[in-house]
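This report concerns only the one structure given below.
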Amino acid sequence: MNAIQLSYPGGFDSLTSVDLPQPSAPQAHEIQVQLHASSLNYHDLLVAKYTTEAQNGRIPLSDGAGIVTAVGAGVSEFKVGDQVVSCFFPTWQTGPGLLADFSTVPGDGIDGYARQYVNASVNAFTLAPTGYNHTESATLTTAGLTAWVALVEDGKIKAGDSVLLLGTGGVSIIALQLAKSMGAQVIITTSSHDKAIRLKELGADHVIHYPSTPEWGNRVLELTQGRGADIVVEVGGPGTLAQSIRAARIGGHIALIGVLTGFSGDIPTRELMAKRVSLQGVLVGSRSQQQDMVRALNQQSWRPILDKTFALTELSKAFAYQESGQHFGKIAISI
Ligand SMILES: NC(=O)c1ccc[n+]([C@@H]2O[C@H](COP(=O)([O-])OP(=O)(O)OC[C@H]3O[C@@H](n4cnc5c(N)ncnc54)[C@H](OP(=O)(O)O)[C@@H]3O)[C@@H](O)[C@H]2O)c1
518 MNAIQLSYPG GFDSLTSVDL PQPSAPQAHE IQVQLHASSL NYHDLLVAKY
568 TTEAQNGRIP LSDGAGIVTA VGAGVSEFKV GDQVVSCFFP TWQTGPGLLA
618 DFSTVPGDGI DGYARQYVNA SVNAFTLAPT GYNHTESATL TTAGLTAWVA
668 LVEDGKIKAG DSVLLLGTGG VSIIALQLAK SMGAQVIITT SSHDKAIRLK
718 ELGADHVIHY PSTPEWGNRV LELTQGRGAD IVVEVGGPGT LAQSIRAARI
768 GGHIALIGVL TGFSGDIPTR ELMAKRVSLQ GVLVGSRSQQ QDMVRALNQQ
818 SWRPILDKTF ALTELSKAFA YQESGQHFGK IAISI
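As numbered in this note's numbering, the sequence shown has no gaps in its residue numbers, which increase by one up to the final residue, 852.
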């Protein structure tokens, strides 16, 4: 089977296309999945660009979607022909979880889904939403579940809430679609005037051009008549958090998700405290949260927005495209 492997010390050109033996019959409590699609996340980009020595030879990509082609003994949850999507944390089934690192994550701590077949524990996949194609399903493992946890699980979104989203990457665009489908008002930032038009077409209520509005937190307050955003999906990190705190309503919720501007920095703690804003870290989510999300998506008609689709053999090109920041929503990989 075709697969891609990482090479230490990383870089998109160091990805290697290899021919690996196809896995034999799955063991007890395992399924065999023929993978048809993956999608790119910022996390996958960082792993490919800064591959560690321990990751030398590892198969990248955390997202995987495909069809069950065989089941091992004792498997009752899946049958041959089921359409499935991978879990970001195959060992985090439910509850608050005990993981604060990526050692168990496919495409980082263990082999991922840049390959044609995998034998995996039943706990490493869930059913995909009904009617989704494989590329749509693949967007759910990381970006979809993160948006779901930020808005629904932790943010407790309700109709009429104001939701602030940053930029037009994978997490933010799925969050836009989800928030609109749940009756929220969406305010979203972007660096691109062209993308602003597409955001409006997708139902965004207000779009802020962040390069020309560096104090965009105040603009969110204006747009919400001084109240502020109920929920902020914070994908920027240290370079954007101060504005997100400004934008949040008193008692609002900030889902701290991203590292697009770095890994540490100053936080205006006085403003955070005085506004009694809750700041909640998010690390994707558990398998049971993914099952909750799939049940919800089965009741909704929207589909994740796919930007370009690249073949598995074009993975280096796909990462370079992602790094250029031209994409809107998810970049898909067909396998
Ligand atoms: N903690 C978790 O569970 C979790 C899960 C998934 C992702 N993440 C993190 O969330 C972030 C987004 O991930 P992703 O996969 O959605 O990334 P992505 O698709 O690569 O997003 C890139 C987009 O982010 C926007 N952006 C870049 N810098 C920005 C800034 N300073 N302010 C506002 N927007 C900015 C740009 O949008 P415009 O072109 O519109 O300006 C850019 O196109 C990453 O840091 C990723 O590591 C965390």
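We treat Cβ as the ideally placed atom computed from N, Cα and C, and that holds for glycine.
Item, Value
"I need the DSSP call for D747, collapsed to helix, strand or coil.", "strand"
"Is it right to say L740 is buried, meaning 16 or more other beta carbons lie within 10 angstroms of its own, or is it exposed?", "buried"
"Distance check for G782 and K625, CA to CA, integer angstroms please.", "Note that residue 625 is Asp in the sequence shown, not Lys. The straight-line gap from Cα to Cα measures roughly 25 Å."
"Looking at V749: is its Cβ nearer than 8 Å to the Cβ of A721?", "no"
"Would you mind working out which of A764, K675, H710 sits nearest H726, comparing C-alpha positions?", "H710"
"Over the uninterrupted alpha helix (DSSP H) stretch that includes Y838, give me the two end residues.", "832-841"
"Of all the options E653, G775, S851, which has the alpha carbon lying nearest to the alpha carbon of S818?", "E653"
"Got a sec, what are the start and stop residues for the alpha helix (DSSP H) N735 sits in?", "733-740"
"Please state the DSSP three-state secondary structure of H651.", "helix"
"Taking C-alpha atoms, which residue in S555, S851, A692, L657 lies nearest to Y630?", "S555"
"Count the other CB atoms, across all protein chains shown, that sit within 10 Å of the CB of R812; report buried if there are 16 or more and exposed otherwise.", "exposed"
"At which residue ranges does the stretch 664-698 contain complete beta strand (DSSP E) runs of 3 or more residues, listed in the order of the chain?", "679-683"
"Taking 7 Å as the line, does the beta carbon of N558 fall inside it for any heavy atom of ligand 1?", "yes"
"For E477, does the count of other Cβ atoms within 10 angstroms reach 16, so buried, or fall short, so exposed?", "Past the boundaries of the shown model lies residue 477; the chain is included only from 518 to 852, so the question cannot be answered."
"Shortest alpha-carbon distance to K712 belongs to which of K675, G802, I822?", "I822"
"Relative to the C-alpha of D824, which residue among Q807, Q806, Q843, V592 is closest?", "Q843"
"Runs of 3 residues minimum, wholly inside the stretch 538-606: which ones carry the beta strand (DSSP E) assignment?", "547-556, 582-588, 600-603"
"With the cut-off set at 8 Å, would you say Q522 and I584 are in Cβ contact?", "no"
"Where do the ends of the beta strand (DSSP E) carrying D536 lie?", "533-536"
"Helix or strand or just coil, what does DSSP make of F849?", "In the sequence under discussion, the amino acid at residue 849 is Ala, which differs from the Phe named in the question. In the structure shown, A849 sits in a strand (DSSP, three-state: E or B)."
"Quick check: what's the CA-CA separation for A542 versus V635?", "10 Å"
"Report back the beta-carbon spacing between L615 and Q806 to the nearest angstrom; my notes put them in contact at under 8 Å.", "15 Å between Cβ atoms; not a contact."
"Whose CA, out of S579, N815, E594, R793, lies closest to the CA of I762?", "R793"
"Rounded to the nearest angstrom, what separates S795 and Q742 at their Cα positions?", "21 Å"
"With 16 as the cutoff for other CB atoms within 10 Å, does D530 come out buried or exposed?", "exposed"
"Once the 5 residues before and after K673 are set aside, which same chain residues still bring their CB inside 8 Å of it?", "H770"
"Would you kindly work out how many angstroms separate the C-alpha atoms of Q633 and Q549, rounded to a whole number?", "11 Å"
"Spatial neighbours of F780 within its chain, please: C-beta separation below 8 Å, excluding the five flanking residues on both sides.", "G754, P755"
"Looking at ligand 1, does it come within less than 7 Å of I774, judged from the CB to the closest heavy atom?", "yes"
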